[in-house]
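**Student:**
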Amino acid sequence: MKALVVIPTYNEIETLAGALDGVRRAVPAAHVLVVDDNSPDGTGRLADARAQADYHIHVLHRTEKNGLGPAYLAGFSWGLASGYELICEMDADGSHRPEDLALLIQRAEMADAPDLVIGSRWVSGGATSGWDARRVALSRGGNLYINAMLGLRVKDATAGFRVYRADSLRRLSLGEVEALGYGFQVNMTKLVADGGGRIVEMPITFHEREAGQSKLSGGIFSEELALVTKWGLAKRGSQLADLAASAGRSARDALLRARTPKQRAQKRSR
Ligand SMILES: Nc1nc2c(ncn2[C@@H]2O[C@H](COP(=O)(O)OP(=O)(O)O)[C@@H](O)[C@H]2O)c(=O)[nH]1
Ligand SMILES: [Mg+2]
Numbered sequence: 000m001k002a003l004v005v006i007p008t009y010n011e012i013e014t015l016a017g018a019l020d021g022v023r024r025a026v027p028a029a030h031v032l033v034v035d036d037n038s039p040d041g042t043g044r045l046a047d048a049r050a051q052a053d054y055h056i057h058v059l060h061r062t063e064k065n066g067l068g069p070a071y072l073a074g075f076s077w078g079l080a081s082g083y084e085l086i087c088e089m090d091a092d093g094s095h096r097p098e099d100l101a102l103l104i105q106r107a108e109m110a111d112a113p114d115l116v117i118g119s120r121w122v123s124g125g126a127t128s129g130w131d132a133r134r135v136a137l138s139r140g141g142n143l144y145i146n147a148m149l150g151l152r153v154k155d156a157t158a159g160f161r162v163y164r165a166d167s168l169r170r171l172s173l174g175e176v177e178a179l180g181y182g183f184q185v186n187m188t189k190l191v192a193d194g195g196g197r198i199v200e201m202p203i204t205f206h207e208r209e210a211g212q213s214k215l216s217g218g219i220f221s222e223e224l225a226l227v228t229k230w231g232l233a234k235r236g237s238q239l240a241d242l243a244a245s246a247g248r249s250a251r252d253a254l255l256r257a258r259t260p261k262q263r264a265q266k267r268s269r
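Counting from 0, one number per residue, gives the positions in the sequence shown under numbering that gives the first Met the number 0.
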């Protein structure tokens with residue numbers, strides 16, 4: 000299937016070339032779209048040079064950095080308009096292994112046609128390398144909270160290494176995505192699950208970035224936490240409303256059954 004690998008970048012001059020080489024080697028038929036938010040370090044120019052030399056590489060330049068979510072959504076629209084059948088997400092910083100990408104794509108192409116394949120750190124066989132206990136606890140704890148609040152039944156809902164089936168992506172209301180930062184991955188997982196989409200997880204090994212700086216900030220983390228809490232409470236609220244409505248229906252049915260034939264006739268003639 001025609002696959003597009005979307006790689007968002009902000010100041011990834013040290014690692015982007017390695018990521019591009021890796022993808023071109025591991026999945027030679029796939030195309031790559033670098034979505035650069037006007038990186039001051041010249042990442043966008045590097046991407047342009049690579050695109051000039053290789054027709055498999057494309058670049059989308061955006062004028063300002065406004066988060067991972069909007070960058071990915073712009074990349075998705077570009078990919079959907081260009082007719083790709085699979086749309087992948089991958090980081091530029093060496094955290095995602097290109098050989099794992101090849102496996103995720105193969106899984107997406109299998110006959111059962113999953114809507115979303117997630118490269119998961121937290122299924123059996125998945126791993127992280129270079130993470131201390133605190134970072135592991137943050138990711139595992141975050142995923143436990145997400146599951147408790149949203150019941151997504153996904154072990155790694157925050158993972159940013161994924162393959163979407165383009166047709167499935169097209170059916171989602173992408174305009175409803177609220178999260179700008181890392182909550183974007185959870186937001187997308189929730190959209191697919193809410194739409195009845197099928198999600199499968201495949202084990203990957205996540206490597207801590209080799210160079211450059213993480214964009215994960217306290218602000219991005221609190222946005223994710225606040226959104227997950229909001230979505231979880233909204234879900235609880237609608238479950239309660241459904242429960243109340245069904246209790247109301249049962250009470251009404253019981254009442255109707257309890258009426259005598261005479262009462263029923265009176266009610267009908269009213
Ligand atoms: N275009 C764009 N890319 C971003 C933005 N924030 C993060 N990225 C990219 O998204 C990927 C993951 O970000 P990273 O900082 O490595 O997150 P971490 O792995 O959780 O530390 C990297 O390729 C970043 O360059 C953004 O605002 N705009
Ligand atoms: Mg990273």
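A virtual CB, placed ideally from N, CA and C, is assigned to each residue, including glycine.
Please read all numbers here as calculations on a predicted model, not as lab measurements.
Any chance the CB of P39 is under 8 Å from a heavy atom of ligand 1?
**Tutor:** For ligand 1, not one heavy atom lies less than 8 Å from the Cβ of P39.
**Student:** Determine, using beta carbons only, whether L190 and V176 come nearer to each other than 9 Å.
**Tutor:** Result yes, Cβ atoms of L190 and V176 sit closer than 9 Å.
**Student:** Tell me the rounded alpha-carbon separation between A80 and V34.
**Tutor:** Approximately 15 Å between the Cα atoms of the pair.
**Student:** Helix, strand or coil for G280, going by three-state DSSP, please let me know.
**Tutor:** This structure leaves residue 280 out entirely; the chain is present only between 0 and 269.
**Student:** Decide if D166 is buried, meaning its Cβ has at least 16 other Cβ atoms within 10 Å, or exposed.
**Tutor:** Exposed, because fewer than 16 other Cβ atoms sit within 10 Å of the Cβ of D166.
**Student:** Determine, using beta carbons only, whether I203 and S119 come nearer to each other than 9 Å.
**Tutor:** Closer than 9 Å, so yes.
**Student:** Residues with a Cβ closer than 6 Å to any heavy atom of ligand 2, in chain order?
**Tutor:** That query returns the following residues: D90, D92, S94, R208, S213.
**Student:** Helix, strand or coil, according to DSSP, for S34 in the structure here?
**Tutor:** According to the sequence as given, residue 34 is Val; it is not Ser. In this structure, V34 counts as strand in the three-state DSSP scheme.
**Student:** Quick one: measure Cβ to Cβ for L67 and L32, integer angstroms, because I've assumed they're closer than 8 Å.
**Tutor:** 14 Å between Cβ atoms; not a contact.
**Student:** Mind checking whether the beta-carbon of D252 lies closer than 8 Å to any heavy atom of ligand 1?
**Tutor:** No, ligand 1 has no heavy atom inside 8 Å of this Cβ.
**Student:** Measure the Cβ-Cβ separation of F92 and A210 and say whether it is below 9 Å.
**Tutor:** It should be pointed out that residue 92 corresponds to Asp in this sequence rather than to Phe. Contact: yes.
**Student:** With DSSP as the reference, identify every bridge partner of E88, one or two as the case may be.
**Tutor:** Paired residue(s): V5, R161.
**Student:** Taking C-alpha atoms, which residue in A243, A253, E222, R208 lies nearest to G17?
**Tutor:** Per the Cα distances, R208.
**Student:** Is I12 near ligand 3 - that is, is its Cβ less than 8 Å away from at least one heavy atom of it?
**Tutor:** Looking for ligand 3 in the displayed structure turns up nothing; the ligands present are ligand 1 and ligand 2.
**Student:** Any contact between the segment 154 to 174 and the segment 120 to 129? By contact I mean 3 or more CB pairs, one from each, below 8 Å.
**Tutor:** Segments in contact, yes.
**Student:** Count the other CB atoms within 10 Å of the CB of K154; is the residue buried (16 or more) or exposed (fewer)?
**Tutor:** It counts as buried.
**Student:** I need the DSSP call for P97, collapsed to helix, strand or coil.
**Tutor:** Reduced to three states, the DSSP call for P97 is helix.
**Student:** Tell me whether T8 counts as near ligand 1, meaning its Cβ is closer than 8 Å to at least one heavy atom of that ligand.
**Tutor:** Checking every heavy atom of ligand 1 against the Cβ of T8, one is found closer than 8 Å.
**Student:** At the level of alpha carbons, what is the spacing between Q184 and G140?
**Tutor:** Taking the straight line from one Cα to the other gives about 16 Å.
**Student:** Over the uninterrupted beta strand (DSSP E) stretch that includes P202, give me the two end residues.
**Tutor:** 198 to 202 is the span of the beta strand (DSSP E), which, as asked, contains P202.
**Student:** Output yes or no for whether 9 Å exceeds the beta carbon distance between A46 and I56.
**Tutor:** Yes.
**Student:** L151 by DSSP, collapsed to three states: which one?
**Tutor:** L151: coil per DSSP, three-state reduction.
**Student:** In angstroms with no decimal places, state the Cα-to-Cα distance between N186 and A48.
**Tutor:** Roughly 33 Å between the two C-alpha positions.
**Student:** So H60 and G43 are in contact, right, with Cβ under 8 Å, and what is the actual spacing, rounded?
**Tutor:** Indeed, because the Cβ distance is near 6 Å, the residues count as touching under 8 Å.
**Student:** Is the beta carbon of L179 closer than 9 Å to that of E222?
**Tutor:** Against a cut-off of 9 Å, the Cβ pair of L179 and E222 comes out as a contact.
**Student:** R170: which of R152, G182, L149, G195 sits nearest, CA to CA?
**Tutor:** Of the candidates R152, G182, L149, G195, the one whose C-alpha sits nearest the C-alpha of R170 is G195.
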